[in-house]
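Mapping of the sequence shown onto our numbering: residues 4 to 465, in sequence order.
These notes are about the structure you will find just below.
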Amino acid sequence: MAAYDYDLFVIGGGSGGVRAARVAASLGKRVGIAEEYRFGGTCVIRGCVPKKLLVYASQYTEHFEDAVGYGWEVGESSFDWKRLVAAKDREIARLEGLYRRGLENSGAEIVASRAELIDAHTVRLLKSGKTVTAERIVIATGGTPNPHAALPGHDLCISSNEAFDLDELPRSILIAGGGYIAVEFANIFHGLGVDTTLIYRGVEILSRFDQDMRQGLHKAMVEKGIRIILTDVINEVTRAPAGGLIAKTKEGATLAVDTVMLALGRDPNTGGLGLDAAGVETDERGAVVVDENSRTNVKNIYALGDVTNRVQLTPVAIHEAMCFIETVYKDNPTSPDYDLIPTAVFSQPEIGTVGLSEEEAAGRYPELEIYRAEFRPMKATLTGRTEKTIMKLVVDAASRKVLGAHVLGHDSGEMAQLLGIALKAGATKDVFDRTMAVHPTASEELVTMYTPSYRVKNGERV
Ligand SMILES: Cc1cc2nc3c(=O)[nH]c(=O)nc-3n(C[C@H](O)[C@H](O)[C@H](O)COP(=O)(O)OP(=O)(O)OC[C@H]3O[C@@H](n4cnc5c(N)ncnc54)[C@H](O)[C@@H]3O)c2cc1C
C-alpha cells in the first residue's frame with residue numbers, strides 16, 4: 004500500500020496549480036487539487052480574461068466615433084452593463100468548465116474545498132473536514148488585492164475583484180494606484196462612459212516601465228478625459244449624505260464619486276494556510292520563500308505563481324509549474340527563466356514591452372543608442388484623433404544587441420509577443436535593419452528606424 008494518499012497534492016486551482024496538477028496526473032501520478040472558489044483562478048475568473056473582455060467592450064465608444072471619419076453614419080448607441088456582465092460570466096463559466104475537464108481527463112482528483120496544511124505531508128480539506136496525505140505538496144494559492152486596511156473607509160471601497168461584477172455601472176469612479184491594474188481599469192471605466200479619476204502617490208504612472216511609455220500614455224489618457232492626480236493619496240473615504248462617497252486626499256482635495264476602487268498591489272494568499280504548522284518559511288510580505296526550483300525550505304513542499312511574489316503574471320505561473328514538473332517528475336532540474344518577459348498594459352492605447360527600459364539600460368551599459376519614433380497612426384488620419392504611437396528600441400552601442408523594445412499604440416500587446424521572440428533570440432539592431440517591413444503597418448517602424456534618435460553615454464543623453 005502507498006505510504007501517502009497522493010503523490011502530489013496541489014492547493015489552489017489557478018494558472019499555476021492547474022498546470023502542475025494536470026501535467027503531473029497525465030504522467031501517471033496520483034494527484035489531488037483543491038480549489039476554494041472557482042477553477043481557473045484569478046486569471047480566468049477575475050483577472051486577465053474578464054479584464055480583456057471589458058477592455059474590448061470599452062473600446063466601442065471610440066470605434067463608433069471613428070466610424071464617422073470612414074463614411075459611416077452610426078445611429079444612436081447605448082450600453083447595457085448588465086448584459087455585458089452576463090455575457091462575460093457565460094464565457095468565464097465556459098472556461099472554468101474547460102479547466103475542470105482538463106484536470107478530470109488527466110486523471111487528477113478535483114476537490115472543491117479550501118485546503119490548509121497540518122504538517123509537511125498532511126492537508127485538511129475544510130469542506131469535508133477530511134485530512135489527506137501527499138508525498139509532495141504544491142502551494143499555488145495566488146494573491147489577493149491589498150485591502151489597504153489602514154485607510155479609514157477602506158471597507159467602503161471596491162477592489163478589482165468586485166469591479167467585474169458591480170450591480171450598476173457607477174457614474175463616477177476614483178481609482179487609487181499607478182500599476183497596470185489601476186491604469187487598465189481607469190481606461191475601461193472611462194471607455195464605458197464613467198467619469199474617471201486616477202490617483203497615484205508617485206510622480207508618474209506605471210513605475211518600472213520606460214519613461215516614454217509612461218508619459219505618452221499619461222498624456223493620451225488625459226486627452227481622452229481621464230483625470231490623473233499624482234503625488235497624492237487618499238486619506239479617508241466616507242459616505243456622502245446624499246449617496247455616493249467622499250474621498251479626501253493628503254494634499255487637501257475632496258472628491259465626490261459614486262465608487263472608489265483600490266488597486267494598490269496584491270498580497271500573497273498565505274493567511275491561515277497552515278504554513279507555520281508545516282514549517283514553511285515566508286518573507287516579510289507573507290510570500291512563500293522558494294529556491295531556484297520553486298522548492299520551499301521544507302523539502303517536499305513547493306510553491307509557485309503569485310504566492311511566491313516573483314513575477315505576478317499568468318504565463319510566469321504556468322512556466323514555473325512546467326519547471327516544477329521537469330525538475331521533480333522528469334529528473335531534469337529546471338529553473339524558471341525570468342529574462343526578457345514580454346508584457347502588455349491593456350490601456351487605450353496599449354503598451355507592449357520587452358526588455359530593459361532606457362532608464363534601466365542606462366544604469367547598466369556605458370553607451371546606448373536609442374531609436375525612437377512618434378507618429379500618428381494611419382487609422383487616425385481619417386478620424387481626426389490626435390493620439391500618437393510611440394516606438395522605441397534601446398540598443399547596446401558596443402554589441403548592437405537590442406536590449407529593450409517598447410511600443411505605445413494599437414495592438415502593441417500583440418507586437419510585444421513577437422518582439423519577445425526577437426529579443427530572446429538575441430537579435431541585434433542589424434537584424435532588425437535587415438528585416439523586411441510589412442507595409443502599411445505601424446510595426447514596420449520597428450525595422451525602419453535606421454539612425455539613432457540620440458545616444459546615452461554613462462547615463463547621460465547626448
Ligand atoms: C485584475 C487583474 C488583471 C490581470 N491581468 C493579467 C494579464 O493581463 N496578464 C497576465 O499575465 N496576468 C494578469 N494578472 C495576473 C494573473 O492573474 C496572475 O499572475 C495569475 O493568476 C497567477 O496564477 P496563480 O496560479 O499563482 O494564482 P491564482 O490564479 O490567483 O490562483 C490561486 C487559486 O488558489 C485558490 N486558493 C487560495 N487559497 C486556497 C486554499 N487555501 N485552498 C484552496 N484554494 C485556494 C484561489 O481561490 C485561486 O483560485 C491579472 C491579475 C488581476 C488581479
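Note that beta-carbon positions come from the ideal geometry of N, C-alpha and C, so glycine has one too.
- With a cut-off of 7 angstroms, the C-beta of P318 is classified as near ligand 1, since at least one heavy atom of the ligand falls inside that distance.
- For the set V197, R174 and G145, the Cα lying nearest the Cα of S61 is the one of V197.
- Taking C-beta atoms as the reference points, G19 and L307 count as a pair closer than 8 angstroms.
- Using a cutoff of 7 angstroms, the CB of Y40 counts as near ligand 1, since one of the ligand's heavy atoms is closer than that.
- Of the candidates A23, G16 and D8, the residue whose Cα lies closest to the Cα of T330 is A23.
- Going by beta carbons, A281 and V310 fall outside the 8 angstroms limit.
- Within 7 angstroms of the C-beta of R103 there is not a single heavy atom belonging to ligand 1.
- Considering only I354, L343 and F349, the residue with the shortest C-alpha distance to G429 is L343.
- Around R458, the same chain offers E370, L371, E372, I373, A400, R464 and V465 as residues with beta carbons nearer than 8 angstroms, after the five sequence neighbours per side are excluded.
- With respect to the C-alpha of I113, the residue from L248, I14 and R298 having the closest C-alpha is I14.
- Assigned with DSSP and collapsed to three states, G146 falls in strand.
- Assigned with DSSP and collapsed to three states, H151 falls in coil, not helix or strand.
- Relative to ligand 1, even the nearest heavy atom lies 7 angstroms or more away from the CB of G355.
- Just measuring C-alpha positions, the residue of G16, I232 and N108 sitting nearest V206 is I232.
- Put simply, the backbone Cα of P380 is about 34 angstroms away from that of V260.
- Per DSSP, A400 has no beta bridge partner at all.
- The stretch 183–257 is shown to contain whole alpha helix (DSSP H) runs of 4 or more residues at 183–194 and 214–227, in chain order.
- F378 is bridged by DSSP to T392.
- Assigned with DSSP and collapsed to three states, S116 falls in coil, not helix or strand.
- At a cut-off of 7 angstroms, the beta-carbon of Q351 does not count as near ligand 1: no heavy atom of the ligand is closer than that.
- Under a 10 Å Cβ-count criterion, A153 is classified as exposed, with fewer than 16 other Cβ atoms of the shown protein chains found around its own Cβ.
- For A28, the three-state secondary structure derived from DSSP is helix.
- A residue is called buried once 16 or more other Cβ atoms fall within 10 Å of its Cβ, and I140 is buried on that count.
- Under the three-state reduction of DSSP, D158 is assigned to helix.
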